[in-house]
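As structure tokens, the structure follows; a few thoughts come after it.
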Amino acid sequence: ALDHIERLTPIEFDHVLLMDDSSRRNLELTQTITGGVREGSLLDTLDLCETPMGARLLKKNLLFPLREVEDIRQRLDTVEQLCLAPRLREELRELLTKVYDLERLNGRVVLGTANGRDLTALKCSLAQLPKITEKLSGADTLLAELGTMDELRELHTLLEVAIREDAPVTLREGNLIKPGYNAELDELVSLLRDGKALILGLEARERTRTGINNLKVGFNKIFGYYIEISRGQLGHVPDDFIRKQTLVNAERFITPELKEFEEKVSGAQEKRLELEYRLFVAIRAAAAQASSRILQAAGRLAQIDFFCCLAEVAQRYRYTKPVITGGEAIIITEGRHPVIERSLPPGRFVPNDIHLDQESEEILIITGPNMAGKSTVLRQTALITLMAQMGGFVPAAAAEIGVVDRIFTRVGASDNLRRGQSTFMVEMNETANILNNATERSLVILDEIGRGTSTFDGLSIAWAVAEDLVNKNGKGVKTIFATHYHELTELAATNSRVKNYNIAVREWNDTIIFLHKLLPGGTNRSYGIQVAALAGVPAKVVARAKELLHNIEQGEFNRQGEPRIATSPRKKKQQPGQLSLFGIGEPQAVRRLREINPDALSPREALDLLYELKRLNDAE
3 ALDHIERLTP IEFDHVLLMD DSSRRNLELT QTITGGVREG SLLDTLDLCE
53 TPMGARLLKK NLLFPLREVE DIRQRLDTVE QLCLAPRLRE ELRELLTKVY
103 DLERLNGRVV LGTANGRDLT ALKCSLAQLP KITEKLSGAD TLLAELGTMD
153 ELRELHTLLE VAIREDAPVT LREGNLIKPG YNAELDELVS LLRDGKALIL
203 GLEARERTRT GINNLKVGFN KIFGYYIEIS RGQLGHVPDD FIRKQTLVNA
253 ERFITPELKE FEEKVSGAQE KRLELEYRLF VAIRAAAAQA SSRILQAAGR
303 LAQIDFFCCL AEVAQRYRYT KPVITGGEAI IITEGRHPVI ERSLPPGRFV
353 PNDIHLDQES EEILIITGPN MAGKSTVLRQ TALITLMAQM GGFVPAAAAE
403 IGVVDRIFTR VGASDNLRRG QSTFMVEMNE TANILNNATE RSLVILDEIG
453 RGTSTFDGLS IAWAVAEDLV NKNGKGVKTI FATHYHELTE LAATNSRVKN
503 YNIAVREWND TIIFLHKLLP GGTNRSYGIQ VAALAGVPAK VVARAKELLH
553 NIEQGEFNRQ GEPRIATSPR KKKQQPGQLS LFGIGEPQAV RRLREINPDA
603 LSPREALDLL YELKRLNDAE
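Using the working numbering, you'd call the opening residue of the sequence shown number 3 and step up by one each time.
Below, the structure is given as structure tokens:
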């Protein structure tokens, strides 16, 4: 049952960029985090392939990009050649639209389950091979080698002369084999097709020979074919007529010629179907003998489709050719997120620059409010690096990519209740994997480490993680670290390879406008309350939150070191004897608001909290 499998080729992990399942999921390479659907993933954005084989190869190369500099450069040069030759690319893509899934077809052929429609699809696909090799005859780069594929001309010729264009799915109903391929089959088909005309001809000849004008040839299932003559004409019956049946008003006869015709026609349909089936099986077996050659051709067509796809994407989406180096710097100028960009009107996406190296900017600490675009900058950096090492052009004005061995991401928050793991446990498991396996050649993307626990615990963990990454193996690891812990920006004062950045916002009329632009320097404001207002939190709750924030920022604490909360929204200054953080006299909505950290909320969590606060406020 596995005869169609030529060999198993293990992935050589020393030659590919590695990512764990968590990183692939966080980057939404093949499906989205929310919903787990293909639409909205990087694969969905890039897949302009014309064949199923090409689409599968694109997915494989997305999941396992290259690590060898020269291999990546060869792919990029091939994509560039197709970008510079739009007519060639268009002609190749047009030919590829006529190629079916050769890998799946080959499997059915070898397993003996291919039907007439399958062999017709195989025939149509093979017909494109000489045309494609001709188009690539003047190419260089990897296209030159791909253009030397086996054209399987003898198999195509066999299928062309033997298999009908409208061959059906079922194999026992005929209409599989073309006329002219087999003489015996042609005779049977002719007999079945022309039988009525032969009967009419025989009837006319016998009328002339006997002079019996009302002589007729008939057929029934019991007696077969017969010649019927009325009783008034029995005197004209020739001697070679053999009586077969007597009726009230007529006699039925048979002649040697009619008997011979009956013997030919009798079972002709069954004979025809059986012969056609045997011929089809023999042709299918001949195709199975070429299985390895078909697979090799399918592999080359998949690569041609893959390169045409990347070139089409580059031209259609205004991507540029990255510079691949053996160094350690990642420098991206006006980088864009490939998926989000496609969901916005042209020109609306705000591009950003990223500079990472092991000399001066090894760890970037990015601060800024939720919804400002920190996660987008993080993800697009990883995606641009991945796309470049896959051999594709990238969404940026320019990019220099020092090849990385692994990409790690710690993005978002999620529970794994099936395994009994909380959000914080999942976060720490992913962080532990990064700290234990990242090398100086890796790229690490961290988004909000420590958000799943208390503020001080979270800050301590985030600081320790950043310290470990910058000092790892004496060289450190290229890392982009988005955080709501503004205290983490002080790490830059202790290490020259740590740099602070922030996502720009502008305040206007007591609200904020997100500019989505990455700027040098940290920020000490989170704008969490403004984000809550934008989300629709009731105005009185927002006003109360501002008052509470003021009290906390003034450093007014109780004897236990906890920030004291004003008992009355109208009081602007903390008074002795007021309730503590856990005072029972507070409105329930305020107590709930006190428990949250606005900076640690995702947009979905903020929305859920909004409904909860509204319900609590209405209840009071």
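No residue lacks a Cβ here, since even glycine has one placed at the ideal position from N, Cα and C.
What whole-angstrom Cβ distance do F255 and I229 have, given they're in contact under 8 Å?
Distance from F255 to I229 at the Cβ level is roughly 5 Å; contact confirmed, criterion being Cβ atoms closer than 8 Å.
Integer Cβ distance of I409 from P397, believed to fall under 8 Å:
Contact flag wrong, Cβ pair sits at about 17 Å.
How far does the alpha helix (DSSP H) with G203 in it reach, from first residue to last?
Looking at the DSSP string, the run of the alpha helix (DSSP H) that includes G203 is A185 to T212.
Given R596 as reference, the closest of H552, R295, R499 and A270 once Cα atoms are compared
Nearest option by C-alpha distance: H552.
Any idea if G393 is buried or exposed, counting beta-carbon neighbours within 10 angstroms, 16 or more meaning buried?
By the 16-neighbour rule on beta-carbons within 10 angstroms, G393 is buried.
Measure the alpha-carbon distance for F309 versus P340 and round it to whole angstroms.
Whole-angstrom Cα-Cα distance: 18 Å.
Start-end ranges of the beta strand (DSSP E) lying completely within the stretch 212-295, minimum 3 residues:
Complete beta strand (DSSP E) runs here, min 3: 218-222, 226-232, 244-248 and 252-256.
Cβ of H238 within 7 Å of Cβ of I201?
Taking 7 Å as the Cβ cut-off, H238 and I201 do not qualify as a contacting pair.
With DSSP run on the structure shown, which of helix, strand or coil describes T369?
In the structure shown, the three-state DSSP call for T369 is strand.
By the DSSP assignment, the alpha helix (DSSP H) with I482 in it spans what residues?
Not the alpha helix (DSSP H): I482 falls in the beta strand (DSSP E), residues K480 to A484.
Should I285 and A164 be called a contact, given that it needs their Cβ atoms to be closer than 7 Å?
Here I285 is near A164, since their CB atoms are less than 7 Å apart.
Excluding the 5 residues flanking N435 on each side, which residues of the same chain have their C-beta closer than 8 Å to its C-beta?
Answer for N435: D22, S24 and F410, listed in chain order.
Bridge-paired residues (DSSP) for G404
T327, per the DSSP bridge assignment.
Our contact map puts A270 next to L194 with C-beta atoms below 8 Å; I'd like the distance itself, whole angstroms only.
Yes, A270 and L194 are in contact; Cβ-Cβ is about 5 Å, under 8 Å.
Rounded straight-line distance, which links the Cα of G404 to that of T383:
Between the alpha carbons of T383 and G404 lies a distance of about 13 Å.
Does the structure place the stretch 290-306 close enough to the stretch 87-107 that three or more beta carbon pairs sit under 8 Å?
By the C-beta criterion, the stretch 87-107 is judged to be in contact with the stretch 290-306, since at least 3 inter-stretch pairs fall below 8 Å.
Going residue by residue through the stretch 485-550, where are the continuous alpha helix (DSSP H) segments of at least 4 residues, counting only ones entirely within it?
Whole alpha helix (DSSP H) segments, 4+ residues: 530-536.
What does the Cβ neighbour count give for Y503, buried or exposed, with the cut at 16 atoms within 10 Å?
It counts as buried.
Could you tell me the distance, in whole angstroms, from the CA atom of E262 to the CA atom of D242?
Across the structure, E262 and D242 are spaced so that their CA atoms are roughly 14 Å apart.
Figure out for me which residue from H17, H518 and E92 has the closest Cα to the Cα of E350.
Looking at the sequence itself, residue 350 is Arg, so the reference to Glu does not match. Per the Cα distances, H518.
Checking 7 Å against the spacing of the C-beta atoms, do A440 and V379 come in under that value?
Not in contact: A440 and V379 (Cβ atoms no closer than 7 Å).
Compute the Euclidean distance between the alpha carbons of M55 and T99, then round it to the nearest angstrom.
In a straight line, the C-alpha of M55 is about 12 Å away from that of T99.
Around the C-beta of Q291, are 16 or more other C-beta atoms found within 10 angstroms, so that it is buried, or is it exposed?
Exposed, since its Cβ has fewer than 16 Cβ neighbours within 10 Å.
Note down the Cα distance separating L60 from L97, rounded to an integer number of angstroms.
Rounded to whole angstroms, L60 to L97 spans 19 Å at the Cα level.
Could you name the residues that DSSP lists as bridge partners for G337?
N354, per the DSSP bridge assignment.
Quick one: any contact between the stretch 329-343 and the stretch 66-83, if contact means 3 or more CB pairs under 8 Å?
At 8 Å Cβ cutoff, the stretches do not touch.
L615 versus I463 - alpha carbon distance
Distance between the alpha carbons of L615 and I463: 30 Å.
Return helix, strand or coil for L59, following the three-state DSSP convention.
Here L59 sits in helix by DSSP.
Mind checking whether P67 and L29 have CB atoms under 7 Å apart?
It is not a contact, given that the beta carbons lie outside the stated cut-off.
Check R594 in the structure and name its three-state DSSP category.
In the three-state reduction of the DSSP assignment, R594 falls in the helix class.
Sequence-distant residues of its chain with Cβ nearer than 7 Å to T34 (five each side left out):
Counting only Cβ-Cβ distances below 7 Å, and skipping sequence neighbours, we find G42 and S43.
Can you say whether R338 is buried or exposed, counting buried as having 16 or more other CB atoms within 10 angstroms of its CB?
R338 comes out buried.
Inter-residue spacing [alpha-carbon to alpha-carbon] between I134 and L94:
Looking at the backbone, the Cα of I134 and that of L94 are separated by about 7 Å.
According to DSSP, simplified to helix, strand and coil, what is R617?
In the structure shown, R617 sits in a helix (DSSP, three-state: H, G or I).
Less than 6 Å between C-beta atoms, sequence neighbours within five positions excluded: which residues of the same chain meet that for A484?
Only residues of its own chain outside the window of five on either side were considered, and among them I368, K376, L380 and D449 have a CB closer than 6 Å to the CB of A484, listed in chain order.
Burial state of I514 (16 or more Cβ within 10 Å)
Buried is the label assigned to I514, since at least 16 other Cβ atoms lie within 10 Å of its Cβ.
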